[in-house]
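K.L.:
Right, I'll just put the structure down here and ask away after.
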């Protein structure tokens, strides 16, 4: 066994670095997130992250991947309402609240591309797939693709407007969850059967 391997006892360093990076991101923003800061937070040497991440963009991609998993889990929990239209509304509310509770992560997930990687299609079981499955049960097949895009655009746009402070109390907007419920409720009610 090499000396390097024998002295390395952290456990799952990659996951620890991602968790630390998420905490740094949510506490101090993307500017504070560096490989060195993640290493310090995980209690390892400044060079240890390079065993798992080529650079900051690579770490940010892993952080975004964790964000997608967290969003998927929230949408799956929201999708449990017995009424299918209500389940769609609850997914919309969950999406908006996720963005408001974790704005820095939301921006990394849906902001500018990370590195030179081309965007990948959403995997089965993703947040998008949960939304698509719910919409599929509500609209005729020939309208599904457009309905899924419309649903996603609606909640994503609403989330972005809220995260960016474009909808505030001065405009008389209700609290975020109530507004998200109203807007997505109007959308769900208008879906063709």
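In this note's numbering, the protein residues as written are 2 to 194.
Heads up, the beta-carbon is just placed ideally off N, CA and C, and yes, glycines get one too.
In this text, all values refer to a predicted model and were calculated from it rather than measured experimentally.
(1) How many Å lie between residue 138 and residue 173 at the Cα?
(2) How many whole angstroms separate the CB atoms of residue 97 and residue 159, which I take to be in contact at a CB cut-off of 8 Å?
(3) When you compare only the Cα positions, how much space is there between residue 35 and residue 142?
(4) Please state whether DSSP places residue 54 in a helix, a strand or coil.
(5) Helix, strand or coil, according to DSSP, for residue 29 in the structure here?
(6) Pairing CB atoms from the stretch 41 to 51 with CB atoms from the stretch 86 to 94, are three or more of them under 8 Å?
(7) Suppose the cutoff is 7 Å on Cβ atoms and the five residues either side in sequence are ignored; what does the same chain contact list for residue 179 look like?
(8) Is the beta carbon of residue 132 sitting closer than 8 Å to the one on residue 76?
(9) Do the CB positions of residue 31 and residue 148 come within less than 8 Å of each other?
(10) Under 7 Å Cβ to Cβ from residue 90, same chain only, skipping five residues before and after it: list those, please.
(11) Please tell me whether residue 99 and residue 164 are closer than 8 Å, where the distance is taken between their beta carbons.
(12) Just list the alpha helix (DSSP H) runs in the stretch 92 to 168, keeping only unbroken ones of 4 residues or longer that don't cross its boundaries, in chain order.
(13) For residue 54, which option in 152, 153, 151 and 22 has the closest C-alpha, if you only look at C-alpha atoms?
(14) Using a Cβ-Cβ distance cut-off of 8 Å, determine whether residue 144 contacts chain B.
(15) Looking at the unbroken alpha helix (DSSP H) that takes in residue 186, where does it start and where does it end?
(16) Considering only the beta carbon of each residue, do residue 94 and residue 64 sit closer than 8 Å?
(17) Can you tell me which of 166, 161 and 130 puts its alpha carbon nearest to the alpha carbon of residue 150?
P.N.:
On the basis of the supplied data:
(1) 34 Å
(2) 6 Å
(3) 46 Å
(4) coil
(5) helix
(6) no
(7) none
(8) yes
(9) no
(10) 182, 185, 186 and 189
(11) no
(12) 104 to 111, 128 to 137 and 145 to 164
(13) 22
(14) As a matter of chain content, chain B is missing from the structure shown, which is built from one protein chain.
(15) 177 to 190
(16) no
(17) 130
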